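Some notes on the structure that comes next.
Protein chains: 2
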Amino acid sequence: MTAVLTPMHDDLQPNVELLVRHGSGLLAAGCSGLVLLGTTGEANSFTVRERKTLLEEVLAAGLKSDKLIVGTGCCPLGDTIELTKHALSQGVERVLVLPPFYYKDVTDDGLFEAFATVIEEVADGRLRVLLYLIPQLTGIEIGAPLVARLVQAFPVTIGGLKDSSGDWEATQALCRALGDTIDVMVGTETLLLQAMSAGASGCITAMGNVAAREIVELYEMREMPAATARSGAINELRATLQTLPLIPALKAYLAQTTGDASWRNVRPPLMSLTPEP
Amino acid sequence: MTAVLTPMHDDLQPNVELLVRHGSGLLAAGCSGLVLLGTTGEANSFTVRERKTLLEEVLAAGLKSDKLIVGTGCCPLGDTIELTKHALSQGVERVLVLPPFYYKDVTDDGLFEAFATVIEEVADGRLRVLLYLIPQLTGIEIGAPLVARLVQAFPVTIGGLKDSSGDWEATQALCRALGDTIDVMVGTETLLLQAMSAGASGCITAMGNVAAREIVELYEMREMPAATARSGAINELRATLQTLPLIPALKAYLAQTTGDASWRNVRPPLMSLTPEP
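Chains A and B supply the protein sequences, listed in that same order. Taking the working numbering, I'd label the letters of the first sequence as residues 1 to 277. Taking the working numbering, I'd label the letters of the second sequence as residues 278 to 554.
Listed below in structure tokens is the structure:
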């Protein structure tokens with residue numbers, strides 16, 4: 001699956017037409033789903049109202065709700081609840097939920113309570129939550145014991161997790177402890193094959209925006225040796241992009257390859273990679 | 278000034294009556310102002326709607342707008358703008374503004390653009406912004422060069438900063454570079470006297486919730502030697518509280534000293550320090 005970029009007009013309002021075209025292309029390239037309004041989609045730079053409108057507009061423009069996972073996790077649990085209820089009201093049953101991420105050094109009890117509050121307040125049997133583990137941005141560690149406790153309390157609702165830690169030891173521990181029970185999705189294709197060997201279900205990756213077909217092929221090959229050549233091509237592109245801030249770099253790459261300069265637009269505090277004059 | 282706790286009923290809705298009573302007591306104890314909805318006030322656990330309502334209600338209940346500084350900084354700049362405009366509409370001209378804090382490793386250019394966007398969109402000559410530096414929670418470093426650049430661009434609007442880093446070297450650098458130009462407020466009374474010697478204007482502290490009079494006396498003594506005894510008493514109380522998570526500990530202390538058990542309530546991911554059964 002691809003963590004989809006959010007293209008914007010020059011006034012930094014979402015370019016829904018371009019987003020739908022891009023998303024449709026990713027599905028046509030073989031992605032099994034699209035994550036809207038995750039980290040790559042600059043979700044936390046959009047207000048609740050903007051996020052709801054964006055989802056309504058992409059659905060109205062033709063993206064299918066069963067192909068979407070929508071990011072709904074905010075610092076105020078009231079916002080997370082509102083966005084999650086809204087996604088369900090639009091037929092999107094899968095949501096990717098950040099822990100409330102302002103306070104640090106919070107306890108597993110406090111994080112359990114936060115996720116439990118959201119699930120209990122939303123109170124919808126259709127809901128499938130993917131827990132979003134991205135400690136390098138949230139400063140919040142969510143380990144296998146907390147996930148297992150949530151799975152035990154909400155066995156149907158906790159559908160999986162996205163582990164974007166990039167920490168193979170942590171990913172492996174999660175795959176081994178939980179891979180048989182829930183969908184463990186890694187946050188990068190670089191760990192896809194080894195994570196799948198350990199029990200992961202797949203990956204949700206930002207690189208899918210620029211190399212969807214190659215990553216789908218990697219997924220389908222499954223076997224490490226056969227995948228090496230394909231993986232090498234993706235690695236080359238990643239190496240070029242990763243010397244730069246990733247979201248602006250991916251957008252600049254799409255601006256260049258599609259000829260649509262508006263792809264460069266990002267919301268502050270991110271900054272576009274404007275070509276030097 | 279005190280960074281005021283937000284008391285809550287058992288359903289975790291704000292207890293406005295208790296907040297106003299507590300705030301009035303802090304002013305009577307000599308605080309020159311109250312910061313509502315900062316870190317200590319669990320601002321980021323409240324939605325935009327809840328934050329607006331809280332401010333309207335405390336003003337309706339009698340707190341004076343010119344005694345208040347309201348926290349308005351959120352991840353989505355649209356929310357920061359909405360809350361800042363709202364504060365001004367209620368006669369509160371001073372706001373404490375976090376940088377957008379989801380993305381890390383952002384540039385000074387990106388942070389400048391974020392604050393500039395807020396100031397330009399609010400477009401109100403009455404506005405006085407205090408920049409909120411609390412890198413241990415935001416993961417965002419705001420150094421003297423960025424502050425100086427903002428002061429140069431918005432000399433009237435940037436009224437000061439709150440430095441909650443707790444890092445004396447950083448605080449001293451800010452005081453020396455900017456103490457003559459803007460109000461540098463430190464985030465703890467432990468650095469108050471040395472910071473004032475270096476050019477700071479005062480402090481905004483969570484400990485004010487439980488020791489306002491003592492901290493006001495410390496401020497008024499100014500001189501380090503004379504202040505030692507008073508500082509010792511505060512240090513003793515702080516030493517007792519700081520072995521625990523600070524916000525729940527301050528609330529538990531007030532529950533104990535006032536007899537009002539509802540003071541213990543906090544919103545997840547924070548957890549109350551409930552006495553063992």
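Glycine is no exception: its CB is placed at the ideal position from the N, C-alpha and C atoms. Quantities reported herein were computed from a predicted structural model and do not represent experimental measurements.
- Rounded to the nearest angstrom, the Cβ distance from P99 (chain A) to Y380 (chain B) is 16 Å, too far for a contact under 8 Å.
- Taking C-beta separations shorter than 8 Å and ignoring five residues to either side along the sequence, the partners of Q242 (chain A) in its chain run A249, following chain order.
- Cβ atoms of G350 (chain B) and T357 (chain B) come within 8 Å of each other, at about 5 Å.
- Boundaries of the beta strand (DSSP E) around I158 (chain A): 158 to 163.
- Counting only Cβ-Cβ distances below 8 Å, T279 (chain B) has no contacts in chain A at all, with the closest Cβ about 19 Å away.
- Residue pairing by DSSP places Y409 (chain B) opposite B:K439 in a beta bridge.
- Around E50 (chain A), the beta-carbon contacts reaching into chain B at under 9 Å are P353, G355.
- Not a single CB atom of chain B sits nearer than 8 Å to the CB of K67 (chain A).
- Counting the other CB atoms within 10 Å of its CB gives V48 (chain A) a total of 16 or more, which places it among the buried residues.
- With its beta carbon less than 8 Å from one in chain B, E113 (chain A) belongs to the interface.
- If you draw a 10 Å sphere on the C-beta of P76 (chain A), you find 16 or more other C-beta atoms in it, and that means buried.
- Sequence-distant partners of T330 (chain B) (beyond 5 residues in either direction) whose C-beta falls short of 7 Å from its own C-beta are missing from its chain.
- Here D10 (chain A) is not bridged, per DSSP, to any residue.
- For G110 (chain A), the chain B residues whose Cβ falls inside 7 Å of its Cβ are P545, P546, L547, M548, in order along the chain.
- One Cα belongs to V347 (chain B), the other to T117 (chain A), and the distance between them is close to 27 Å.
- At least one beta carbon of chain B lies nearer than 8 Å to the beta carbon of V106 (chain A).
- Within chain B, C352, P353, Y379 have C-beta atoms less than 7 Å from the C-beta of N44 (chain A), given in sequence order.
- Residue-level contact check: Q449 (chain B) does not touch chain A, since none of the beta carbons of chain A fall below 8 Å from its beta carbon.
- With a contact defined as Cβ atoms closer than 8 Å, L388 (chain B) and I396 (chain B) miss out at about 13 Å.
- In this structure, L311 (chain B) lies away from L332 (chain B), with their beta-carbon atoms at least 8 Å apart.
- Within chain A, the C-beta atoms nearer than 7 Å to that of G416 (chain B) come from G139, in chain order.
- Annotation: the continuous alpha helix (DSSP H) that includes R328 (chain B) extends over 325 to 337.
- V461 (chain B) sits away from L469 (chain B), with the two beta carbons spaced by 8 Å or more.
- In the DSSP assignment, I346 (chain B) falls within the beta strand (DSSP E) that extends over 345 to 348.
- Using a C-beta cut-off of 8 Å, the segment 445 to 461 of chain B makes no contact with the segment 483 to 503 of chain B, since fewer than three inter-stretch Cβ pairs fall below that distance.
- Contact between the segment 402 to 420 of chain B and the segment 440 to 454 of chain B is present: three or more C-beta pairs spanning the two stretches fall below 8 Å.
- Ranked by Cα distance from Y496 (chain B), the options B:N512, B:L531, B:G479 are led by B:G479.
- Relative to the Cα of S301 (chain B), the nearest Cα in the group B:A338, B:A320, B:F323 belongs to B:A338.
- The three-state reading of DSSP puts G536 (chain B) in coil, since its state is none of H, G, I, E or B.
- DSSP, reduced to helix, strand and coil, places G202 (chain A) within a strand of the structure shown.
- P14 (chain A) sits buried, since 16 or more C-beta atoms from the chains shown fall within 10 Å of its C-beta.
- According to the DSSP secondary-structure assignment, D183 (chain A) is paired through a beta bridge with A:G160.
- For L191 (chain A), there is no enclosing alpha helix (DSSP H), as DSSP gives it neither H nor E.
- Partner residues in the beta bridge of R371 (chain B), as assigned by DSSP, are B:I346, B:R405.
- When only Cα atoms are considered, G38 (chain A) and V20 (chain A) end up about 16 Å apart.
- With a threshold of 8 Å between beta carbons, Q290 (chain B) makes no contact with chain A.
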